[in-house]
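Novice: I have a structure I would like to understand better, so I am pasting it below and will then ask my questions one at a time.
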Amino acid sequence: MYKAWLVFRKDVQQEFKTRYALNAIFLFAIVTLTAVSFSIGAFSAGPEILSALLWIILFFSSMSGLAHIFVREEETHTADTLKLVTTSSSVFIGKLLFNIMLLFMVELLVVPLFMGVMNFVIYDAFVFVLSLVFGTFGLAGGGTIVAAIISKSNTKGALFTVLAFPILLPVIVSGISAAKKAATNAPLVLASSELQALFAFAVVIITAGILLFDFIWNE
Amino acid sequence: MFLKSLKIILFFLLAAVIYGAFLYAPLAKGLGEYTRVLYFHVPTAWITVTAFAVGALFSGIYLKNKELKYDLWAEAANQLGLLFGVLATVTGSIWAKMSWGSFWNWDPRETSIFILLLIYAAYFALRSAVEQADRRAALSAVYDLLAFVTVPFFVFVVPRIYSSLHPDPIVNTQGKIHMNGKMLLVFLSSLSAYTAVFFWMLKQRIDLIGIQLKIKQLEN
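One line per chain: the protein sequences are A and B, in this order.
So in my numbering, the last one in the first sequence is 230, and the numbering has no gaps at all.
So in my numbering, the last one in the second sequence is 1263, and the numbering has no gaps at all.
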């Protein structure tokens, strides 16, 4: 675990030196938010449409930034050194922590902005925040393992979204449903199946990622 | 010799299933002629799931002992799965048009098969993006297993959030169609005929893969 923490710190330092993924993901989120807000206006959409739009913005912004963490190691040819100094599972956990942090930073910026600009009122903040947290773990878990796959292939850009989307769809579907319930003042009991689904998905995808990552990394 | 005679038996069995589905089996009470698609829709859907499970099994075996032929077997099984998946989608869509009024309305069952097709289309996109054989095998095997662990979420989670019109996927428990003896006979023979066709096709592909690998070996 300590080594995973070291990998995480190395990635944070490296990222803040160039800020490549950070810039890409933040600007992508802002651009899509602008496009959405500009095209439908503040008061014309109900909670159903708004919660779907929020998750679409979150999903595609995460798609623009999550792959960078492994692609960078391949492009700078540092993957071999990393293989020598540490185990594959600590690499995976370190990179997963970095992607989770990246997504939380984006959400801290985008979600309040979205609520303000689009007039998206949340009645049940607890359900909403919990669904975002679990959803972030699921998105980051699936995104990290697919990023590891993609970094070894020849076409890195477009393929990432194509591979990640069908796997991450349960997160999007349950996330949208939970956000909708949080915005229409449904009691906590009604959103519990969505929260369970998000939580279970995060656990399953992260476990599968840790188990399968070794086959990609030491291939 | 044994396999050859099996092939001929399979031919007559399939012919009997087609005859039985259209002419022998009676109609379910209160439902129209369109329910005859049942004898083709359910078996193809069942084969889709079987094929993907077999593919995931071969992917797992590949990761375990790194023999290239298992990766090619997994590819063959997933190709057949995709083929039967398209057939199940088309027959299901025709049935949906007749009984629900539209070819496609994002019923949870329709959503889950669509996502299944999307996942395996992505699997083949990934395969075409990697050139080295052993790297392609490892990456696609990992993706196959990753996809396979998320499939239960589509089967159990999505229908829990959105209610479905589709009858229970497990044959004849609380399904909307109650079958009598003749229907059940045709249905079960169709199911076993399709299963035999799938394994026969898979066997052909596996033999072909063996020959191709041997030729490659001789060339080197």
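No residue lacks a Cβ here, since even glycine has one placed at the ideal position from N, Cα and C.
Please check the pair VAL1173 (chain B) and LEU1161 (chain B), which I expect to be a contact at CB under 8 angstroms, by giving their CB distance rounded to whole angstroms.
Specialist: Between VAL1173 (chain B) and LEU1161 (chain B), the beta carbon gap of about 19 angstroms keeps them out of contact (Cβ cut-off 8 angstroms).
Novice: So TYR1062 (chain B) is in the alpha helix (DSSP H); what residue range does that whole segment cover?
Specialist: 1045–1062
Novice: Quick check: PHE226 (chain A) and GLY105 (chain A), are their CB atoms within less than 8 angstroms of each other?
Specialist: no
Novice: Using only alpha-carbon positions, find the residue among A:ALA136, A:ALA202, A:MET112, A:VAL128 that is nearest to LEU150 (chain A).
Specialist: With distances taken between Cα atoms, LEU150 (chain A) lies closest to A:MET112.
Novice: Excluding five sequence neighbours on each side, which residues of the same chain lie with their C-beta closer than 6 angstroms to the C-beta of ALA78 (chain A)?
Specialist: Take ALA78 (chain A), set aside five residues on each side of it, and the residues of its chain with a beta-carbon closer than 6 angstroms to its own are ALA158, ILE161, PHE171, in chain order.
Novice: Does the beta carbon of LYS1257 (chain B) come closer than 8 angstroms to any beta carbon on chain A?
Specialist: no
Novice: Going by DSSP in three states, GLY127 (chain A) sits in which element: helix, strand or coil?
Specialist: helix
Novice: Whose Cβ in chain A lies nearer than 8 angstroms to the Cβ of VAL1173 (chain B)?
Specialist: LYS163, SER164, ASN165
Novice: On the criterion of 16 or more Cβ atoms from any shown chain inside 10 Å, does ALA1120 (chain B) qualify as buried, or is it exposed?
Specialist: buried
Novice: Report yes or no: is there a C-beta of chain A within less than 8 angstroms of the C-beta of LEU1182 (chain B)?
Specialist: yes
Novice: Are any of the Cβ atoms in chain A nearer than 8 angstroms to that of PHE1197 (chain B)?
Specialist: yes
Novice: Output, in chain order, the set of chain B residues within a Cβ distance shorter than 7 angstroms of LEU180 (chain A).
Specialist: Neighbours of LEU180 (chain A) on chain B, chain order: ILE1158.
Novice: Assuming GLY103 (chain A) and THR147 (chain A) are in contact, meaning their beta carbons sit under 8 angstroms apart, how far apart are those beta carbons, in whole angstroms?
Specialist: The residue asked about is misnamed: residue 103 (chain A) is Phe in this sequence, not Gly. The beta carbons of PHE103 (chain A) and THR147 (chain A) sit about 17 angstroms from each other, so the pair does not count as a contact at 8 angstroms.
Novice: Quick check: the Cα distance between LYS28 (chain A) and ARG83 (chain A), rounded to an integer number of angstroms?
Specialist: Those two C-alpha atoms are separated by around 13 angstroms.
Novice: Residues in its own chain within less than 7 angstroms of HIS1084 (chain B) by CB, not counting five upstream and five downstream?
Specialist: Counting only Cβ-Cβ distances below 7 angstroms, and skipping sequence neighbours, we find ALA1131, THR1134, GLY1135, TRP1138.
Novice: On the three-state DSSP scale, how would you describe LYS1225 (chain B)?
Specialist: helix
Novice: So which residues on chain A does VAL1192 (chain B) lean against when the C-beta distance must stay under 7 angstroms?
Specialist: Those are VAL215, ALA219, listed as they occur along chain A.
Novice: State the Cα-Cα distance for the pair LEU1227 (chain B) and LYS1246 (chain B), rounded to the nearest angstrom.
Specialist: 28 angstroms
Novice: Is it true that the segment 1058–1072 of chain B meets the segment 1228–1240 of chain B, where meeting means three or more beta-carbon pairs spaced less than 8 angstroms apart?
Specialist: yes
Novice: Under 7 angstroms Cβ to Cβ from ALA1180 (chain B), same chain only, skipping five residues before and after it: list those, please.
Specialist: TYR1105, LEU1111, ASP1114
Novice: Quick test of your reading: GLN1241 (chain B) and ALA1059 (chain B), contact by CB under 8 angstroms. State the CB separation rounded to the nearest angstrom.
Specialist: A small correction: the amino acid at residue 1241 (chain B) is Phe; Gln does not occupy that position in the sequence shown. The Cβ separation is near 18 angstroms, so there is no contact.
Novice: At a CB distance below 9 angstroms, what residues from the segment 1113–1138 of chain B approach chain A? Give them in sequence order.
Specialist: Answer in chain order: no residues at all.
Novice: Span of the alpha helix (DSSP H) holding SER1171 (chain B)?
Specialist: That run of the alpha helix (DSSP H) goes 1151–1172.
Novice: Using the Cα positions of LEU206 (chain A) and LEU141 (chain A), report the straight-line distance between them to the nearest angstrom.
Specialist: 7 angstroms
Novice: List the endpoints of the continuous alpha helix (DSSP H) containing ASN34 (chain A).
Specialist: Segment 31–51, the alpha helix (DSSP H) holding ASN34 (chain A).
Novice: If you run the structure through DSSP and keep just helix, strand and coil, what is PHE1146 (chain B)?
Specialist: coil
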